[in-house]
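Presented below is the structure to which this report refers.
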Amino acid sequence: MKKFIILILSLVVVLSLGFTVQVENVQAAQSKETMISVASEEIFVTKVVPFTRQQSMWVTETRNGKTYSGYIYNRGFSDGTGNYSFFSGYLKTGPYAPTVLQLED
76 MKKFIILILS LVVVLSLGFT VQVENVQAAQ SKETMISVAS EEIFVTKVVP FTRQQSMWVT
136 ETRNGKTYSG YIYNRGFSDG TGNYSFFSGY LKTGPYAPTV LQLED
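Going by my numbering, the sequence shown opens with residue 76, and the numbers climb by one from there.
Following this line, the structure appears as structure tokens:
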């Protein structure tokens, strides 16, 4: 009887160890997938330019083989002297072009 109980307990231990190893392998396989895209659809851009009262600026940049464009906006002074303006904003990918408002006569 003791041999039978030891045999059953050893079988349970072997099965539980085998199941644990399989679960660890599945988790390791899932973590190998890349979750972060190299080139995103939107980027954040900052620029420091000589002082200007202009409210926005059209910017086009190329990063990671993609062209991003859009308006960035004046956020105020970039230093205490007031010689430079700080612009920032998000640029998006796509066939964007600056829009020009034409007044009717």
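Using N, Cα and C, we set each Cβ at its ideal position, and we do this for glycine too.
Distances from the CA of Y165 to each of G155, G140, N149 and S153 were compared; the closest alpha carbon is that of N149. In the three-state reduction of the DSSP assignment, S153 falls in the coil class, being assigned neither a helical nor a strand state. Cβ atoms of F161 and V123 come within 8 Å of each other, at about 6 Å. Taking C-beta separations shorter than 8 Å and ignoring five residues to either side along the sequence, the partners of S163 in its chain run F119, V120, T121, K122, I147, Y148 and R150, following chain order.
Judged by their CB atoms, S144 and T156 are not nearer to each other than the 8 Å cut-off.
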